[in-house]
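Structure record follows, encoded as structure tokens.
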Amino acid sequence: MVCVSRGWGRGVLLGLGIFAVLETGRPTEGVPSSCPCAACGPSGEGEDAGRALAGTQRELPYGGKPCVKGTCRPSFIIIGAGKCGTSSLYYYLLDHPQVEPAGAKQIQFFDHQLGRGVSWYTAHFPRSMPDGHVTGEASPGYIVYHHVPGAVQRVLPQVRILAVVRDPIDRLWSSYHYNYLDLLHRGQRPVHIKSFVRVEKDILDSCLRRNSYSPRIGSAGGKMVDVYSSCIQQTPERKHLSLIREREAELRADSKEVAFPRSTSHLYRMFISRGLYSLMLEWWYDLFPDGQIHVICTEHLHDDSAATMTGAARFIGLDDFDFTATVEKGKYNALANRGYDKVTSWDQAAETEGKRPPIDEETRAALADIFHPFNERLFELTGNRCDWNE
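Counting in our numbering, the final residue of the sequence shown is number 411, and the numbers go up one at a time with none missing.
Written out as structure tokens, the structure is:
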């Protein structure tokens, strides 16, 4: 699972399936060019830096000295994706003797807190560390927002970027339960997954028609549409939920009074979009050398945990470490608003998921058609094929 060259030129037309994506820029408001971390100089990461991990000791970011005048910069960030195992990856890394914890696993600076300034961000990390030690954080929301890569590049030009991706259909089904069904109170009527899928797909298709793009075109003029800000995020929540209610009325005549938890509306309005990993990772590969980005399949983290963690540690530049005992502790689960230290075994986690009814075959088939071209682009982009059952 080492990072390899993407092997294609920018501006190539891609067959992206039901819609295209148009890049709208990467604002870095709140991150002045003169900020302390931006003065660290160029990244110094060559295109081949991530390809020779096995058998060689890779240099750490900042030459192994990330702390300056009582401020320690993160050497790695885990950018997502949500419901893919970012908590497990982060806490497994904390078992490595060279890794120091941040004050919080999710700081969410680059997606939601830029206005607080870089000093606020760095205050979440240790004030000092021995040379050769590193610290980092994991904020799954970073992968979703198109302005984040530019902000990260300006503040942390040498940072190593890790992303965890899961079969997007399994991720969607897990998120539907975790971020929607599990939050409903007794007696509340749920929205069927078919309604969420149909409405989000229709919104994305409608966005293309408004911009005079065919749903089968992958790009136009070498530019990609930012599907997240242009489509989903610019569709008023009230309109989105109204469309879902209408769809429910078509499916089940008695389901008009369906429930929508407010705290996770930004998640269940983007069940499909948050699984289009290739689109989001394009933003990062446009700004960072391949050798600074390492993409891990959730399935590999599950099935070959110790070896996957060895690869992640070598990517960061850490000394070899036996993660066998670490991963035997189990899978870490991020509990919403209740910390990030619950651990269950992978077998227990699989048993929990196994108790859920499987997604219906009609919806799975529709999702497979949507995700397939994006999955193939992801594998081309990263040089790493995940074991996904489309």
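Ideal placement from N, C-alpha and C gives every residue a C-beta, glycine not left out. No experiment lies behind these values; they were computed from the predicted model shown.
Query raised in the report: Exposed or buried, what is PRO170 when buried is set at 16 or more other beta-carbons lying within 10 Å of its beta-carbon?
Result: Buried: at least 16 other Cβ atoms inside 10 Å.
Report task. Taking all protein chains shown into account, decide if GLN209 is buried (16 or more other Cβ within 10 angstroms of its Cβ) or exposed. Result -> Burial call: exposed.
Requested in this report: Could you check if GLY124 is buried or exposed, using at least 16 other CB atoms within 10 Å of its CB as the buried criterion?
Outcome: By the neighbour-count rule (16 or more Cβ atoms within 10 Å), GLY124 is not buried but exposed.
Requested in this report: Please state if the CB of LEU193 and the CB of PHE281 are separated by a distance shorter than 7 Å.
Outcome: Result no, Cβ atoms of PHE281 and LEU193 do not sit closer than 7 Å.
Query raised in the report: Between the stretch 90–103 and the stretch 182–196, are three or more C-beta pairs nearer than 8 Å?
Result: Of all C-beta pairs linking the stretch 90–103 to the stretch 182–196, three or more are shorter than 8 Å, placing the two stretches in contact.
Requested in this report: Determine the closest residue to ASP191 out of LEU262, THR347 and GLU382, with distance taken between C-alpha atoms.
Outcome: Closest by alpha carbon: GLU382.
Query raised in the report: Taking PRO87 as the reference, which of PRO379, VAL120 and ARG377 has the closest Cα?
Result: Measuring C-alpha to C-alpha distances from PRO87 to each of PRO379, VAL120 and ARG377 identifies VAL120 as the nearest.
Query raised in the report: Just how far apart, CA to CA, sit CYS56 and LEU225?
Result: Unreliable positioning characterises CYS56 in this predicted model, as indicated by a pLDDT of 36, which lies under 50. The coordinate reading is nonetheless provided below. The straight-line gap from Cα to Cα measures roughly 38 Å.
Requested in this report: Under the assumption that ALA159 contacts THR107 (Cβ atoms under 8 Å), give the Cβ distance between them as a whole number of angstroms.
Outcome: In this structure ALA159 is in contact with THR107, their Cβ atoms being roughly 5 Å apart against a cut-off of 8 Å.
Report task. Below 7 Å CB to CB, which residues in the same chain sit around THR329 once its five sequence neighbours on both sides are set aside? Result -> Result list for THR329: MET22, ILE317, HIS321 and LEU322, in chain order.
Query raised in the report: What residues match up with VAL185 in a beta bridge as DSSP calls it?
Result: Answer is ILE317.
Report task. Tell me, to the nearest whole angstrom, how far the beta carbon of TYR289 is from that of ASN200; I am working on the premise that it is less than 8 Å. Result -> Between ASN200 and TYR289 the Cβ distance is about 6 Å, and since that is below 8 Å, they are a contact.
Query raised in the report: Going by DSSP, which residues form a beta bridge with THR92?
Result: THR92 is bridged to VAL89.
Requested in this report: Sort out for me which residues DSSP pairs ARG210 with in a bridge.
Outcome: BP columns for ARG210 point to VAL279.
Query raised in the report: Where does the unbroken beta strand (DSSP E) through ALA159 begin, and where does it stop?
Result: Unbroken beta strand (DSSP E) run through ALA159: 155–159.
Query raised in the report: Can you tell which of MET150, ASP390 and PRO118 has the C-alpha that lies nearest to the C-alpha of PHE342?
Result: Distance from the Cα of PHE342 is smallest, within the candidate group MET150, ASP390 and PRO118, for PRO118.
Requested in this report: Determine the extent of the alpha helix (DSSP H) in which ILE98 is found, giving its start and end residues.
Outcome: Boundaries around ILE98 are those of the beta strand (DSSP E), 97–99, since no alpha helix (DSSP H) includes it.
Query - Cutoff 7 Å; reference ASP324; Cβ partners in own chain excluding five residues on either side - result: So no residue of the chain qualifies.
Query raised in the report: When you compare only the Cα positions, how much space is there between LEU110 and HIS167?
Result: About 23 Å.
Query - Sheet register partners of VAL120 (DSSP bridge) - result: According to DSSP, which records beta bridges pairwise, VAL120 is partnered with VAL155.
Report task. Express the C-alpha separation of HIS287 and VAL220 in angstroms, rounding to a whole number. Result -> Roughly 14 Å between the two C-alpha positions.
Requested in this report: Please report how far the alpha carbon of ASN396 lies from the alpha carbon of GLY91, in whole angstroms.
Outcome: Each residue's Cα considered, the two are about 43 Å apart.
Query - Reduced DSSP secondary structure (H/G/I, E/B, other) of ILE293 - result: Here ILE293 sits in coil by DSSP.
Query raised in the report: Does DSSP put GLU80 in a helix, in a strand, or in coil?
Result: Look at GLU80 here: in three-state DSSP terms it is coil, with no helix or strand label.
Query - Beta-carbon proximity list for ILE265, same chain, < 7 Å, skipping 5 on both sides - result: Apart from the 5 residues on each side of it in sequence, ILE265 sits with its Cβ closer than 7 Å to the Cβ of VAL212, SER216, PHE217 and VAL220 in its chain, given in chain order.
Query raised in the report: DSSP state of GLY136, grouped into three classes?
Result: Of the three classes helix, strand and coil, the one that applies to GLY136 here is helix, per DSSP.
Report task. Give the DSSP-derived three-state secondary structure of ARG259 in the structure shown. Result -> ARG259 falls in the helix class under three-state DSSP.
Requested in this report: Would you kindly report the start and end of the unbroken alpha helix (DSSP H) that includes TYR113?
Outcome: Where TYR113 is concerned, the enclosing alpha helix (DSSP H) stretches over 107–115.
Query raised in the report: Is VAL165 helix, strand or coil when you go by DSSP?
Result: VAL165 sits in coil when the DSSP states are folded into three classes, being neither helix nor strand.
Query raised in the report: By DSSP, does ASP191 sit in helix, in strand, or in coil?
Result: Here DSSP, grouped into helix, strand and coil, assigns ASP191 to helix.
Requested in this report: Can you say whether GLU267 is buried or exposed, counting buried as having 16 or more other CB atoms within 10 angstroms of its CB?
Outcome: Here GLU267 is exposed, its C-beta having fewer than 16 other C-beta atoms within 10 Å.
Requested in this report: Ignore the nearest five residues each way along the sequence and tell me which others in ILE380's own chain have a CB closer than 6 Å to its CB.
Outcome: These residues qualify, in order along the chain: TRP194.
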